[in-house]
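In full-length UniProt numbering, the protein residues as written are 1 to 235.
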Amino acid sequence: MAAPLPPNTSRLSAAAYPPSAVHVSTAPPSRPARYTKVDLLTPASVGHNLVLRVLRILATFEKARVDGSTTKIAEIVVGDETGVITLRARNSQVEFFLKKVQKEEEEEEKPCVIVLRNAGVSMYKGHMRLIVNKWGKISSYPDEVASTPPPPADVLGTNDKSSVEYELVEQMAAKEGGESEEEGEGTEAHDLFNQLCHHQTSTIRSCISETIRCKNYLTGDQLNCRVVRINRRHW
Numbered sequence: 001m002a003a004p005l006p007p008n009t010s011r012l013s014a015a016a017y018p019p020s021a022v023h024v025s026t027a028p029p030s031r032p033a034r035y036t037k038v039d040l041l042t043p044a045s046v047g048h049n050l051v052l053r054v055l056r057i058l059a060t061f062e063k064a065r066v067d068g069s070t071t072k073i074a075e076i077v078v079g080d081e082t083g084v085i086t087l088r089a090r091n092s093q094v095e096f097f098l099k100k101v102q103k104e105e106e107e108e109e110k111p112c113v114i115v116l117r118n119a120g121v122s123m124y125k126g127h128m129r130l131i132v133n134k135w136g137k138i139s140s141y142p143d144e145v146a147s148t149p150p151p152p153a154d155v156l157g158t159n160d161k162s163s164v165e166y167e168l169v170e171q172m173a174a175k176e177g178g179e180s181e182e183e184g185e186g187t188e189a190h191d192l193f194n195q196l197c198h199h200q201t202s203t204i205r206s207c208i209s210e211t212i213r214c215k216n217y218l219t220g221d222q223l224n225c226r227v228v229r230i231n232r233r234h235w
């Protein structure tokens with residue numbers, strides 16, 4: 001038998017905790033993801049979502065690593081109504097594309113469409129490559145996400161973003177008083193470009209602006225009118 005309660009002591013009741021005292025989360029709902037187009041991609045692009053059509057697989061090969069293992073790599077042409085770009089897939093991503101392309105070829109009903117989340121651009125020998133690392137995701141369309149836009153109705157194959165080579169152009173800006181910069185002043189810019197080409201954009205932290213000149217190897221013409229600037233920021 002329970003011991004009697006001491007005087008002036010009452011049991012806990014619902015009155016001690018009115019409904020107004022209950023905490024209710026007021027966090028705003030998550031915003032839908034934003035999507036970009038191929039034509040808007042730059043050498044510094046990271047964290048983008050895209051809906052693309054798979055056009056063809058250019059090549060598949062294996063690359064030996066220092067520890068003796070191998071990495072399977074495939075280069076795949078993807079695009080939308082604004083342009084095309086070469087996507088570089090690795091290991092399990094290669095198997096995903098091989099199975100998906102084979103399935104679409106057997107069905108012959110609709111184009112092969114994929115959804116990329118948190119994709120970025122990596123530089124390979126001065127050319128842009130679209131990549132999706134372990135923080136991103138490649139999935140088939142539709143991916144059962146309400147905010148995913150419809151697939152591209154057509155592909156603009158004449159605007160190949162990966163066919164343009166990005167070449168660093170040194171600019172000897174005049175100092176105050178008309179003096180030119182001394183030798184060695186441009187080494188920081190060269191380090192920036194080398195880091196971009198070796199997939200180390202995450203190590204870039206300070207701010208600098210350098211001019212990049214584009215050369216189109218499809219026509220052999222040097223497009224001096226197409227000048228791209230890479231701003232070295234906290235990307």
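Every residue, glycine too, gets a C-beta built ideally from N, C-alpha and C.
Check whether residue i and residue j have beta carbons under 9 Å apart
| i | j | result |
| --- | --- | --- |
| leucine 98 | threonine 60 | yes |
| serine 140 | valine 113 | yes |
| alanine 146 | asparagine 49 | no |
| leucine 58 | threonine 86 | yes |
| glutamate 75 | arginine 129 | yes |
| valine 38 | aspartate 80 | yes |
| glutamine 115 | isoleucine 131 | The question names glutamine, but residue 115 is valine in the sequence shown. Not a contact, by the Cβ cut-off of 9 Å. |
| asparagine 159 | valine 84 | yes |
Same chain, Cβ closer than 6 Å to residue i, five either side skipped, listed in chain order
| i | result |
| --- | --- |
| glutamate 185 | Its pLDDT being 45, under 50, glutamate 185 is placed unreliably by the model, and the measurement read from it follows with that caveat. Correct list: empty, nothing qualifies. |
| alanine 33 | Asn49 and Ser147 |
| arginine 117 | Asn49, Gly136 and Lys137 |
| arginine 56 | Val77 |
| cysteine 225 | Only weak support is given to the placement of cysteine 225: the predicted model assigns it a pLDDT of 33, under 50, and the question is left unresolved by the model. |
Where residue i falls: helix, strand or coil (DSSP)
| i | result |
| --- | --- |
| arginine 233 | The pLDDT assigned to arginine 233 is 37, lower than 50, so where the model puts this residue is not dependable; a value taken from the coordinates is nonetheless given after this. Reduced to three states, the DSSP call for arginine 233 is coil. |
| serine 163 | helix |
| glycine 157 | coil |
| lysine 37 | coil |
| lysine 134 | coil |
| serine 139 | strand |
| glutamate 62 | strand |
| threonine 201 | At threonine 201, the pLDDT of 40 sits below 50, so the modelled position is not reliable and the matter cannot be decided from this model. |
| valine 94 | helix |
| isoleucine 208 | Confidence is the limiting factor: at isoleucine 208 the pLDDT is only 34, short of 50, which leaves the residue's position unreliable and the question unanswerable from this model. |
| valine 54 | strand |
| aspartate 67 | coil |
Residues near residue i in its chain [Cβ-Cβ closer than 8 Å; skip 5 each side]
| i | result |
| --- | --- |
| glutamate 62 | Thr70, Thr71, Lys72 and Ile73 |
| leucine 41 | His48, Ile85, Val121, Met128, Leu130 and Lys161 |
| proline 149 | Tyr35 and Val51 |
| glycine 126 | Glu165, Tyr166, Glu167 and Cys197 |
Boundaries of the beta strand (DSSP E) in which residue i is found, first to last residue
| i | result |
| --- | --- |
| alanine 44 | That residue, alanine 44, is in no beta strand (DSSP E); it is neither H nor E in DSSP. |
| asparagine 118 | 113-124 |
| serine 30 | Careful: serine 30 lies outside any beta strand (DSSP E) and carries neither H nor E. |
| glutamate 75 | 70-80 |
| residue 242 | This structure gives no information on residue 242, because the portion of the chain shown stretches from 1 to 235. |
Neighbourhood of residue i by C-beta, 7 Å cutoff - its chain only, sequence neighbours within 5 removed
| i | result |
| --- | --- |
| alanine 64 | Thr70 |
| phenylalanine 96 | Ile138 |
| serine 45 | Gly120 and Val121 |
Min CB distance residue i to chain B below 9 Å
| i | result |
| --- | --- |
| leucine 50 | You won't find chain B in this structure, because it holds only one protein chain. |
The ligand SAM heavy atom lying under 8 Å from the CB of residue i
| i | result |
| --- | --- |
| aspartate 160 | The ligand SAM is not part of the structure shown, which contains no ligands of any sort. |
Would you call the segment 148-157 and the segment 85-102 in contact, with 3 or more CB pairs under 8 Å?
no
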